[in-house]
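Student: Chains as they are written, first to last, in the working numbering: chain A, 83 to 187; chain B, 83 to 187.
Cβ coordinates follow ideal geometry from the N, Cα and C atoms, glycine included.
The structure under discussion is supplied below as structure tokens; questions concerning it will follow.
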């Protein structure tokens, strides 16, 4: 991923997922890859950005708040969320946002 | 920074700054450090998270949309924004968001 996500004219939605990983992979990398593949197939998915140093920040973009709810309730995603709580993250925050303005170059 | 930002109960605001750096430092690191120091002194500043791999994602959190406007118009910050356009970033996107929901552990 070598560029910011290309997103439509606001308003649209963003989910900011901030996390600190536990030690060890424990299946994380494969699941992260699969979750991105699965998310990108969901209705309303607009794009994804991710980076990790001391903390990880992943932002997914969505057309509507309902699209986010549907993705959160996806069965395979629910299993990954539980595994995240149990094994992958020391701590995390999820912030659901309405994007009101966007600019850049 | 070893933890996600601690933010109040929503609603509040987030600025997601996504960028791809140009080659070389060109004064970037010192200015980035100074901008965080300066931002954290502004009225309404709530917190900051950052990580960079292929792309950089920095998220600042603010109490109100007005606090973001004031920070954007800060003279020293305006100079840094111009230097960013001219020298530091191949490309960037700024997304101003209203945080509607937050959870985590």
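Do the CB positions of residue 108 of chain A and residue 170 of chain A come within less than 8 Å of each other?
Tutor: The answer is yes: Cβ separation under 8 Å.
Student: Give the C-beta separation of residue 179 of chain B and residue 116 of chain A to the nearest angstrom, bearing in mind that I take them to be a contact with Cβ-Cβ under 8 Å.
Tutor: Not a contact, Cβ separation roughly 27 Å.
Student: Verify the CB distance criterion: does residue 186 of chain A have a CB-CB separation below 8 Å to chain B?
Tutor: It does; some Cβ of chain B falls within 8 Å.
Student: Excluding the 5 residues flanking residue 93 of chain A on each side, which residues of the same chain have their C-beta closer than 7 Å to its C-beta?
Tutor: Correct list, in chain order: 180, 181 and 182.
Student: Tell me which residues share the same chain as residue 137 of chain B and place their Cβ nearer than 8 Å to its Cβ, disregarding the 5 neighbours each side in the sequence.
Tutor: Hits under 8 Å: 100, 101 and 102.
Student: Going by beta carbon distance, what residues of the same chain come within less than 6 Å of residue 172 of chain B, once the five residues before and after it are set aside?
Tutor: Cβ neighbours of residue 172 of chain B beyond the five flanking positions: 102 and 104.
Student: Could you name the residues that DSSP lists as bridge partners for residue 96 of chain A?
Tutor: According to DSSP, which records beta bridges pairwise, residue 96 of chain A is partnered with A/143 and A/179.
Student: Since residue 143 of chain A and residue 128 of chain A should fall inside the 8 Å C-beta cutoff, what is the C-beta to C-beta distance between them, to a whole number of angstroms?
Tutor: Confirmed, about 4 Å.
Student: DSSP beta-bridge partners for residue 184 of chain A?
Tutor: Residue 184 of chain A pairs with B/177.
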